[in-house]
Structure formats: structure tokens, C-alpha cells
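See below for the structure under consideration.
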Amino acid sequence: MAFAVVAVDVRGLRSAGFHYRIPPRLEERARPGMRVTVPLGPREVTGVIVALDHQCPVTGVRDIKSVLDEEPVYEEGLLGLAREVSRYYAAPLASVLWTMLPAVIRYRGRTVYALAPGRPEVEPRGLSSAGARVLEVLAEHGAMTQPELEQSTGAGRAELARLMALELVQRHTTFSPGARSRRQVFAELAVPDHQALQAAEGEAKRAPRRAELLRRLVEAGGKVPAQGTSRPVLDRLSGQGLVRLVESELPRRPAPGMKDPVVSFVPTAEQAFVLQSIIDLHRRKPGVCLLHGVTGSGKTEVYLRFIGEVLEEGRQAIVLVPEISLTPQTLGRFQERFGDQVAVLHSALSTGERYDEWQRVQGGRARVIVGARSAVFAPARHLGAIIVDEEHEYSYKQEESPRYHAREVAIMRAFQHRATVVLGSATPSLESYTRAASGEYQLLTLSHRVDGAELPPVTVVDMRAEMKAGNRSMFSRELGEALEQVVQKGARAMLFLNRRGFASFVLCRECGLVIQCPQCDVSLTLHRQGRELRCHYCDFKQHTPDTCPVCQSRYIRGFGAGTERVESEVQRSLPNTRVLRMDSDTTARRGAHQRILEEFRSTPGAVLVGTQMIAKGLDIPGVELVGVVTADTGLNFPDFRSAERTFQLLTQVAGRSGRGGPGRVLVQTYHPDHYAIQAAASHDYGGFYRQELAWREQAGFPPFTHLVHLVFSSPDEEAVARAAHRAAAGEPVPGVRVLGPAPAPLSRLHGSYRWQVLLAGRDRDALLELALRVQEAHEGQKVRLAVDPDPVFMM
Ligand code: ADP
Ligand code: ZN
Ligand code: ZN
56 MAFAVVAVDV RGLRSAGFHY RIPPRLEERA RPGMRVTVPL GPREVTGVIV ALDHQCPVTG
116 VRDIKSVLDE EPVYEEGLLG LAREVSRYYA APLASVLWTM LPAVIRYRGR TVYALAPGRP
176 EVEPRGLSSA GARVLEVLAE HGAMTQPELE QSTGAGRAEL ARLMALELVQ RHTTFSPGAR
236 SRRQVFAELA VPDHQALQAA EGEAKRAPRR AELLRRLVEA GGKVPAQGTS RPVLDRLSGQ
296 GLVRLVESEL PRRPAPGMKD PVVSFVPTAE QAFVLQSIID LHRRKPGVCL LHGVTGSGKT
356 EVYLRFIGEV LEEGRQAIVL VPEISLTPQT LGRFQERFGD QVAVLHSALS TGERYDEWQR
416 VQGGRARVIV GARSAVFAPA RHLGAIIVDE EHEYSYKQEE SPRYHAREVA IMRAFQHRAT
476 VVLGSATPSL ESYTRAASGE YQLLTLSHRV DGAELPPVTV VDMRAEMKAG NRSMFSRELG
536 EALEQVVQKG ARAMLFLNRR GFASFVLCRE CGLVIQCPQC DVSLTLHRQG RELRCHYCDF
596 KQHTPDTCPV CQSRYIRGFG AGTERVESEV QRSLPNTRVL RMDSDTTARR GAHQRILEEF
656 RSTPGAVLVG TQMIAKGLDI PGVELVGVVT ADTGLNFPDF RSAERTFQLL TQVAGRSGRG
716 GPGRVLVQTY HPDHYAIQAA ASHDYGGFYR QELAWREQAG FPPFTHLVHL VFSSPDEEAV
776 ARAAHRAAAG EPVPGVRVLG PAPAPLSRLH GSYRWQVLLA GRDRDALLEL ALRVQEAHEG
836 QKVRLAVDPD PVFMM
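Under the numbering used here, residues 56 to 850 are what the sequence shown spells out, in order.
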């Protein structure tokens with residue numbers, strides 16, 4: 056008799072799966088890595104077979120009901136990785152397994168809810184907050200079952216029915232990855248590459264068109280659509296046995312990234328040295344490299360060439376980027392270099408595209424996988440390398456269970472495959488840099504820009520002095536003048552401000568009221584030139600009142616400028632200038648990023664205003680001025696990483712300037728002496744690192760300790776406080792510091808009160824053990840508890 060261990064969604068973090076009997080009719084089919092349906096209590100649920108077993112440790116074992124897959128959707132290695140991630144992040148095994156699959160694979164054949172195609176851009180007014188959350192969650196996940204939606208949004212069946220009636224959401228009774236792909240005829244090489252090239256060489260004179268097609272085939276990885284090639288040429292080549300015609304499915308492919316003109320260049324001496332070091336490490340004993348390269352030092356070129364080596368070995372590579380939509384250029388460079396061998400995995404793809412890309416990776420046809428966080432789980436069997444570009448980025452951390460960090464998972468996964476990891480950044484995280492400094496990772500440095508240009512000079516402008524001099528505008532005199540000069544000579548400028556909207560809060564100057572979100576403990580932000588108030592946490596919206604809702608005074612207005620305000624201010628002072636804005640409000644539509652960037656790039660004298668979206672990875676020549684409107688937004692956050700974040704952001708924004716020409720940077724601040732600002736202004740990573748590290752050690756924060764963040768939340772304020780107190784009052788554990796309980800900095804969100812407890816200590820396992828015990832003691836309560844190991848946002 057045969058049994059299977061099946062991972063299913065259950066409360067409790069320690070469950071590694073339950074035994075089920077495999078009934079004789081399924082014995083042939085059931086294999087590890089396949090999805091199955093099994094009875095669980097009174098319900099039938101979907102689970103994953105994680106192992107087979109000859110015996111069963113318990114009695115009363117029940118039968119597997121059905122097997123949902125023909126082939127395993129997880130290979131052996133991914134099952135092992137799931138166990139490791141589940142332990143390391145104290146997350147249920149099933150939730151890790153589900154996270155590894157795109158929704159299209161995860162729900163194949165199940166009943167799910169998904170966003171309706173062609174739903175209106177603007178959400179109808181009067182949508183309940185649970186309804187709005189459903190839309191948000193579905194946009195992120197693609198599809199979800201009803202119980203899952205209810206768990207993550209609180210929306211019940213009635214709410215879903217309402218959304219369906221509004222034609223915002225659809226139900227699919229058997230979820231499938233969209234219509235079948237088209238079939239198409241391809242010309243395929245019938246001989247190995249070198250033979251084809253030899254033949255091309257031999258025919259170059261006599262039959263140039265045949266030679267050319269052979270070369271094209273080799274470049275394209277052995278296969279091109281027959282359409283668009285000349286029929287007689289094809290016939291001759293197939294007559295010679297060099298090429299054959301095949302009919303196959305044309306996978307739905309995502310739109311390509313941004314194309315730069317193809318240029319090939321000789322690596323600089325630094326690039327060549329770094330590349331050789333990575334290759335040496337890779338051949339000798341694969342491990343982790345930290346590539347610390349200043350902005351514009353050509354890190355991408357190093358990745359590309361290293362991946363070329365890995366492909367030569369017949370292996371695959373995964374390239375993680377913080378957010379695909381923010382890095383169309385990076386994606387474009389990979390596609391240019393590796394053509395059809397590149398697969399892209401990210402949330403903005405259509406269902407069908409995502410399904411086909413995933414299949415191409417699993418089938419081994421895609422060999423370079425570029426994607427955001429979850430691409431670290433791409434089903435590549437022959438992995439040789441994982442690149443984590445901008446490794447310091449916070450979007451690599453998942454803010455819902457399993458709360459994994461893609462950089463750490465990349466390292467776990469690479470170890471299994473004996474693959475090499477390259478972490479790249481101009482501003483490495485303190486965690487990674489410390490490990491590199493201790494020799495755990497190999498530290499490699501690119502300290503010069505490729506074109507030999509200096510990093511742009513940075514001027515810190517003291518806004519207190521501007522204030523004293525009577526300048527009440529958001530631009531210092533220096534920034535105002537610099538902007539005008541740059542625009543007049545037809546160069547380009549970027550203005551950075553990490554706050555979207557028109558004004559960040561609305562205040563009544565008679566009674567002091569700040570208009571707040573009715574469901575969250577935050578002020579509402581003014582949008583659309585002041586006509587609308589919005590909550591940036593729950594997306595609550597209302598019209599801006601003309602008078603104070605409390606004292607009826609007419610003296611209410613917005614304070615604290617956002618990107619919209621900067622945009623209109625620039626437009627007012629430089630009326631004939633093309634001003635573009637890039638933030639999450641202007642980039643909601645597909646392809647909007649790319650359009651804005653292309654317009655900026657092709658318009659002399661244009662000004663681009665934006666949030667952190669413009670800070671990252673953009674390589675646009677001719678940006679002569681970067682202005683940071685206020686550097687202080689992040690400094691005042693109650694978070695131990697606020698200095699690190701500020702330093703990283705300023706360094707990255709400054710790095711957009713002076714590529715392929717002159718450039719300068721102006722940073723406006725009320726804290727001109729802060730070490731994060733000073734270090735960023737002098738391009739001094741080392742100086743920042745030493746000072747920040749000394750402070751972290753003294754304060755007992757990572758990388759000297761580990762943290763586990765416990766967040767309790769519920770609409771019942773007293774119950775939350777009680778639960779948090781109980782958790783903090785448990786028996787002391789040696790080596791674990793318990794900080795709190797205290798209300799979280801965001802003390803109410805979506806109508807739920809929030810309290811937190813922070814566990815800190817050097818022994819990560821001890822922290823996790825304590826967190827699991829708290830979790831188990833908490834079991835069965837109405838108050839929600841989120842356990843977050845290695846937290847990134849502690850708000
Ligand atoms: P980083 O990611 O380190 O900021 P990029 O990889 O974006 O830098 O490279 C900056 C620019 O330099 C890109 O336009 C790239 O094509 C170009 N580049 C890279 N290597 C070289 C080289 N060896 N010679 C000339 N240009 C190069
Ligand atoms: Zn008032
Ligand atoms: Zn809100």
C-alpha cells in the first residue's frame with residue numbers, strides 16, 4: 056500500500072504535511088510535486104504531494120480524492136527549497152508552495168475569482184473597503200479562491216457577488232490559462248551550430264541568402280518563424296539536410312522591454328577583472344559575490360557576460376530585478392543579448408503570457424529568466440547562476456506570508472544547484488556588505504564610471520537658510536536658477552520627491568484639525584490639484600471640503616508638497632517647458648512608464664518630476680541636473696533603517712545625472728549635517744557604512760542581531776492590546792530581548808487597531824522558537840497575528 060505526505064493549508068506553522076492513502080486507481084499517477092485534492096475535516100481542499108511513503112505513522116488515514124496534474128509542477132529541488140524557506144521564515148509549508156507557483160498554474164482546473172477584463176480604469180465610487188481590497192489583491196495575485204479571498208480581505212460571498220454584478224470581477228469555474236496559443240511553422244536547424252556556421256562559411260559567396268539564414272538561425276537559438284523567410288532558400292537548405300520545417304505552438308510572448316541602440320564595447324579593465332573573478336569563483340567553488348559598483352559603472356554588462364558563460368555550460372540563469380516596470384531598460388538589454396532564450400516573469404503579464412512563459416522555463420526552452428521577487432522560484436532545472444540586481448531594494452521582501460526575502464532565498468536555492476550568486480548594487484545593504492567584509496561573500500568593486508566620467512558633484516542646500524532669507528517657495532534660489540539654465544540650453548532635468556499627490560495633508564488653520572482617513576490612523580493626501588482626498592493605505596477617497604468639517608472655517612488648505620505640486624510649480628515658473636510626472640498615479644496603465652521615459656529621452660529641455668520610480672536604474676544620457684526637492688521625507692521615519700534608506704535613495708537619484716556628459720546634483724534639506732546626507736553628497740559609501748554600523752552595534756540592531764516582528768491587529772482595540780501584552784509577558788528566553796508591547800507606528804489601518812512586539816537577539820533560531828510558541832499560544836483567537844522574521848517595514 057502506498058501513502059503520500061500532502062501539504063495543505065492549516066493554521067499552525069509547524070505542519071510539514073499530513074499522510075493520505077493513495078487509492079489503487081491513482082497509484083500510477085500520484086507523484087511528488089503534483090497538486091491533489093484531499094479531505095480535511097469536513098472540507099475538500101487542494102494540497103501538494105511533498106513525498107511518498109510506504110507506511111503511515113497514524114491510523115484512520117483518509118484517501119486522496121483526485122490528482123490535478125499530469126506532470127509534477129514542482130521539481131524535486133523546489134520541494135526541498137520550500138521546506139527550507141518554510142522553516143527559515145516560520146511560514147506554513149503549503150503557503151510557501153503556493154507562493155512558488157504563478158496563479159495560472161496554481162489554480163489550473165479550480166474555481167476562482169479574477170478581475171474582469173476591460174473593467175473601468177477608475178473604480179466606481181461607493182465601493183466598500185473590502186471590495187476595494189479584493190480588486191487590489193486580485194490585481195496582485197491574478198486569481199484566488201473564495202475562501203482565500205475571504206481570509207485576506209474579509210470580503211464574503213455577498214461582497215463577491217456585488218463585485219460580479221458591477222462587472223469588476225469574474226468567476227471561472229475551471230480556471231484555464233486562456234485561449235490556446237496559435238500554431239505556426241518554424242524553420243529549425245537540423246545540425247549543430249558549428250556545422251551550420253561551417254556551411255554558412257562555405258556558401259557565403261555562392262549563396263549569400265542561404266548563408267545569412269543559417270547565421271540568423273544560429274543567433275536565434277536554432278529556430279525562426281518560417282514566415283518572412285524566402286521559400287526557395289528554405290527548400291534548398293532543407294534539401295541539403297541543414298534545416299527542417301516544423302509546426303509548433305507559438306507561445307504568447309510579453310511585449311519586449313525598452314530597446315537601446317545596440318552597441319558593443321570592450322569591457323573596461325575593471326569590468327574585465329571583476330568578470331574574471333566571478334568566473335573563477337564559479338569554476339572553482341560556486342558561492343556568493345557582492346558586486347559593489349558605483350552608478351554607471353556597467354554592472355549590467357558584467358551580468359550579461361557572466362550569464363553568457365553560464366549558458367555555454369548548458370545551464371540556466373535567473374536575473375532578479377526589483378520591479379520590472381521600473382527597469383524596462385535592463386530587460387531590453389537582456390533581450391537584445393539573448394533573444395528568444397529570455398523569459399520574463401512578472402505580475403503585469405496577461406494570464407496567457409504568464410502561463411506560456413512559465414511553461415517555456417519548465418520545458419528548458421527559456422534559459423535566462425528575468426523577473427521580480429517571485430522569479431527566484433522559476434522552475435529552472437539546470438540553474439547555474441542567480442543575479443540579484445539592486446540587492447538592497449526593499450521590494451525583494453514579501454510583505455505577506457510567507458514573508459521571505461528573495462535575496463536570501465536566492466542564496467539557499469543556488470546552494471542546492473551549486474550555482475553562483477551575484478548580488479549587485481551601488482549601495483549594498485548593511486547586511487550583505489558586512490558578510491562580504493567578513494569574507495563570507497566575495498567582495499568585488501567597480502569604482503569608476505565606464506566612460507571615465509567623474510560622479511556628478513553634489514551640492515547640499517540648507518533650506519533653513521533659505522527660510523531665513525525669506526524664500527518660502529519649495530525651490531531654493533540655487534535650484535530655481537539651475538533648473539532655468541538647464542532647460543534654456545535644451546538639456547534635461549529630473550526633480551525627485553518621495554511623496555506623491557498635491558499636498559500631503561490638509562489642515563484647518565483656525566482649529567488645527569488635520570483631515571484623517573476614517574479607517575486608518577493617517578492623514579489624507581490631496582490629489583488631482585486639490586480636488587480629491589485619498590488615503591495612501593486603504594485607498595479611501597472623498598471630495599475636498601470647502602470648509603472645515605469641525606469649525607466650518609474657510610481657512611483650510613494643503614501643506615507638505617507632493618509630486619503634483621512640484622509639477623505645477625515648475626510649469627508655472629517655466630511655462631514653455633515640457634514637464635512630465637512619473638509616480639504611481641501616472642503609471643497605473645500598462646506601458647505608461649515606458650512612454651513617459653521615451654518622451655523624456657526624446658524631448659530636449661524636458662523636466663521629469665517623480666518619486667523613487669525615477670531614482671532607480673534609469674540610464675538616460677544628457678540629464679544635466681538632478682534636484683532633490685526634499686531629502687528629509689524618509690529621515691524622520693520611526694525605523695532603524697531610516698538613515699540607510701535615505702543614503703541609498705540619494706545615492707541612486709544622484710546617479711541618474713551626468714551620464715555621457717556633464718551633470719550636477721542639488722539636494723535640499725533641513726538637516727544638512729546628517730551623516731546620511733553628507734555621505735551621499737560626497738559619494739562615500741565606506742564612510743556611511745562605518746558610521747551606520749557603529750550605531751547599529753551600539754543600538755543592538757541588525758546586522759548585529761536578528762529581529763522577529765510580531766504584529767497584532769483587530770477592529771477590537773482592547774483585544775489587540777491584551778493579546779500583545781500576553782505575548783510580551785511570556786517566560787523570558789535567554790539571549791532574546793522582548794521590546795514592547797506598544798501600539799504600532801501606524802496604529803490603525805483598514806479599520807483595524809495594531810500593536811507590536813519586537814524580538815531581538817543574536818540567535819535567530821531562538822527568536823523563531825519563541826515566535827512559534829507565541830503563535831501557538833495565540834491559536835484560535837480572533838485577533839490576527841503576523842509573524843515577520845527579518846522585518847523590513849516595521850510600521
Ligand atoms: P550600472 O548598472 O552600473 O549603473 P549600466 O550597466 O547601466 O551601469 O551601464 C551604464 C552605461 O554604460 C550603459 O549605457 C552601458 O551600456 C554602458 N557600458 C557598459 N559597459 C561599457 C563599456 N565597457 N564601455 C562603454 N560603455 C559601457
Ligand atoms: Zn477647523
Ligand atoms: Zn485609510
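Just so you know, even glycine gets a beta-carbon here, dropped at the ideal spot from N, CA and C.
What does a CB cutoff of less than 7 angstroms around Gly8 pick up in its chain, not counting 5 residues either side in sequence? Outside the shown range of the chain, which is 56 to 850, sits residue 8, and nothing can be said about it.
Name the DSSP beta bridge partners of Gly665, please? One-based indexing of the sequence shown puts residue 665 at position 610. BP columns for Gly665 point to Phe551, Met637.
Roughly how many angstroms lie between the CA atoms of Tyr740 and Pro512, to the nearest whole one? Within the sequence shown, numbered from 1, the residue matching residue 740 stands at position 685. Within the sequence shown, numbered from 1, the residue matching residue 512 stands at position 457. CA-to-CA, the gap between Tyr740 and Pro512 works out to about 15 angstroms.
Hey, out of Pro796, Val788, Thr101, Gly790, whose CA is closest to Arg781's CA? On the sequence shown, position 726 is the one that residue 781 refers to. Closest option to Arg781, Cα to Cα, is Pro796.
Exposed or buried, His764, counting other C-beta atoms within 10 Å across all chains shown (16 or more means buried)? As a working note, residue 764 is residue 709 in the sequence shown. By the Cβ neighbour-count rule, His764 is buried, with 16 or more other Cβ atoms within 10 Å of its own.
How far does the beta strand (DSSP E) with Leu485 in it reach, from first residue to last? In the sequence shown, the residue the question calls residue 485 occupies position 430. Here Leu485 belongs to no beta strand (DSSP E); instead the alpha helix (DSSP H) covers 485 to 492.
Is it right to say Thr154 is buried, meaning 16 or more other beta carbons lie within 10 angstroms of its own, or is it exposed? On the sequence shown, residue 154 is found 99 positions in, with the first residue counted as 1. By the 10 Å Cβ count, Thr154 comes out buried.
Pick from Pro377, Gln597, Met637 that is closest to His648, judged by C-alpha positions: Numbered from 1 along the sequence shown, position 593 holds the residue referred to as residue 648. That would be Met637, whose Cα lies nearest to the Cα of His648.
DSSP-derived helix/strand/coil call for Lys452: Sequence index remark: in the sequence shown, residue 452 carries index 397 (1-based). Residue state for Lys452 is assigned as strand, using DSSP reduced to three classes.
Where Pro322 sits in the DSSP three-state scheme: Taking the first residue of the sequence shown as position 1, residue 322 is located at position 267. Coil at Pro322, not helix or strand.
Kindly provide the chain-ordered list of residues whose Cβ lies closer than 7 angstroms to any non-hydrogen atom of ligand 3. Any residue whose Cβ sits closer than 7 angstroms to a heavy atom of ligand 3 makes the list: Cys572, Gln574, Cys575, Val577, Cys590, Tyr592, Cys593, Phe595, Leu804, His805.
Neighbourhood of Leu804 by C-beta distance below 6 angstroms, restricted to the same chain and skipping five residues each side: In the sequence shown, counting from the first residue as 1, residue 804 sits at position 749. Its chain contains Cys575, Tyr592 as the residues whose beta carbon lies nearer than 6 angstroms to that of Leu804, once the 5 sequence neighbours on both sides are disregarded; these appear in chain order.
What whole-angstrom Cβ distance do Val52 and Arg468 have, given they're in contact under 8 angstroms? Residue 52 lies beyond the residue range present for the chain, which begins at 56 and ends at 850; the question has no answer from this structure.
What does DSSP give as the partner residue(s) for Ile424 in the beta ladder? What you label residue 424 is simply residue 369 of the sequence shown in a count that begins at 1. DSSP, once it has assigned bridges, lists Ile373, Ala398 as partnering Ile424.
7 angstroms CB neighbourhood of Gly790 in its chain, flanking five on each side removed: Start at 1 with the first residue of the sequence shown, and residue 790 comes out as number 735. Excluding residues up to 5 positions away in sequence, Gly816, Arg817, Asp818, Ala821 lie with their Cβ nearer than 7 angstroms to the Cβ of Gly790 in the same chain.
Does the beta-carbon distance from Gln471 to Gly276 come in below 8 angstroms? The residue you call residue 471 lines up with position 416 of the sequence shown. The residue you call residue 276 lines up with position 221 of the sequence shown. For Gln471 and Gly276, no; Cβs fall outside 8 angstroms.
Note down the Cα distance separating Gly859 from Pro798, rounded to an integer number of angstroms. The structure shown does not extend to residue 859, since the chain is modelled only from 56 through 850, so no value can be given for it.
In chain order, what residues of the same chain have a beta carbon less than 7 angstroms from the beta carbon of Met849, not counting five sequence neighbours either side? Your numbering for residue 849 matches position 794 in the sequence shown. Excluding residues within five positions, the ones whose Cβ falls inside 7 angstroms are Asp694, His764.
Since Leu478 and Leu346 are thought to touch, with beta carbons under 8 angstroms apart, how far apart are those beta carbons, to the nearest angstrom? As a first step, residue 478 is located in the sequence shown; it is residue number 423 there, counting from the start. As a first step, residue 346 is located in the sequence shown; it is residue number 291 there, counting from the start. Contact holds; Cβ gap of about 7 angstroms.
By a C-beta neighbour count over all protein chains shown, 10 Å radius and 16 as the cutoff for buried, is Tyr808 buried or exposed? Within the sequence shown, numbered from 1, the residue matching residue 808 stands at position 753. So Tyr808 ends up on the buried side.
With DSSP collapsed to three states, give me the class of Thr350. For this step, residue 350 is matched to residue 295 along the sequence shown. Coil, per DSSP.
His598, DSSP secondary structure in three states: Here residue 598 refers to the residue found at position 543 when the sequence shown is read from its first residue. If DSSP states are grouped into helix, strand and coil, His598 belongs with the strands.
Shorter than 7 angstroms, the distance from the beta carbon of Val505 to the closest heavy atom of ligand 1, or not? To locate residue 505, count along the sequence shown from 1; it is residue 450. Because some heavy atom of ligand 1 lies under 7 angstroms away, the Cβ of Val505 counts as near it: yes.
Below 8 angstroms on the Cβ atoms is my guess for Asp444 versus Val541; work out the distance and round it to an integer in Å. Along the sequence shown, read from residue 1 onward, the residue named residue 444 stands at position 389. Along the sequence shown, read from residue 1 onward, the residue named residue 541 stands at position 486. With 8 angstroms as the limit, Asp444 and Val541 do not qualify as a contact, their Cβ atoms being about 29 angstroms apart.
Would you call the CB atoms of Phe560 and Gly507 closer than 8 angstroms? Translated into positions along the sequence shown, residue 560 becomes position 505. Translated into positions along the sequence shown, residue 507 becomes position 452. Not in contact: Phe560 and Gly507 (Cβ atoms no closer than 8 angstroms).
Other residues of its chain near Ser141: CB distance less than 6 angstroms, five sequence neighbours each side excluded: Numbered from 1 along the sequence shown, position 86 holds the residue referred to as residue 141. Non-local C-beta neighbours of Ser141 in its own chain, meaning closer than 6 angstroms and more than five positions away in sequence, comprise Leu148, Val151, ordered along the chain.
Using CA atoms only, rank isn't needed, just tell me which of Arg656, Thr688, Pro757 is closest to Arg714. Position 659 of the sequence shown, counted from the start, is the residue given in the question as residue 714. For Arg714, the closest alpha carbon among the candidates Arg656, Thr688, Pro757 is that of Arg656.
Quick one: is Asp843 buried, meaning 16 or more other Cβ sit within 10 Å of its Cβ, or exposed? In the sequence shown, residue 843 corresponds to position 788, counting from 1. So Asp843 counts as buried.
My understanding is that Arg711 touches Met549, with C-beta atoms under 8 angstroms, so please give their C-beta distance in whole angstroms. The residue given as residue 711 occupies position 656 in the sequence shown. The residue given as residue 549 occupies position 494 in the sequence shown. So it is a contact: roughly 6 angstroms between Cβ atoms.
Just grab the DSSP bridge partners of Ile675 for me. Stepping through the sequence shown from its first residue, residue 675 is reached at position 620. Listed as beta-bridge partners of Ile675 by DSSP are no residues whatsoever.
Mark Pro254 as exposed unless 16 or more other C-beta atoms lie within 10 angstroms of its C-beta, in which case mark it buried. By 1-based counting over the sequence shown, the position of residue 254 is 199. At residue 254 the sequence reads Ala, which differs from the Pro that was named. The Cβ neighbour count for Ala254, taken over all protein chains shown within 10 Å, is at least 16; the residue is labelled buried.
Beta carbon of Gly615 nearer than 8 angstroms to that of His582: In the sequence shown, residue 615 corresponds to position 560, counting from 1. In the sequence shown, residue 582 corresponds to position 527, counting from 1. No. Outside cutoff.
Listed by chain order, which residues have C-beta atoms less than 6 angstroms from any heavy atom of ligand 2? Chain-ordered, the residues whose CB falls short of 6 angstroms from any heavy atom of ligand 2 come out as Cys563, Glu565, Cys566, Leu568, Cys603, Val605, Cys606, Ser608.
With H, G and I counted as helix, E and B as strand and the rest as coil, what does DSSP make of Ala234? Stepping through the sequence shown from its first residue, residue 234 is reached at position 179. In this predicted model, Ala234 has a pLDDT of only 46, less than 50, meaning its place in the structure is not dependable; the value taken from the coordinates is given anyway. Three-state result, Ala234: coil.
Exposed or buried, which one is Leu460 when buried takes at least 16 other CB atoms within 10 Å? Translated into the one-based positions of the sequence shown, residue 460 becomes position 405. According to the sequence displayed, residue 460 carries His and not Leu. Burial call: buried.
Is there at least one non-hydrogen atom of ligand 1 closer than 7 angstroms to the beta-carbon of Asp771? Numbered from its first residue, the sequence shown carries residue 771 at position 716. Within 7 angstroms of the C-beta of Asp771 there is not a single heavy atom belonging to ligand 1.
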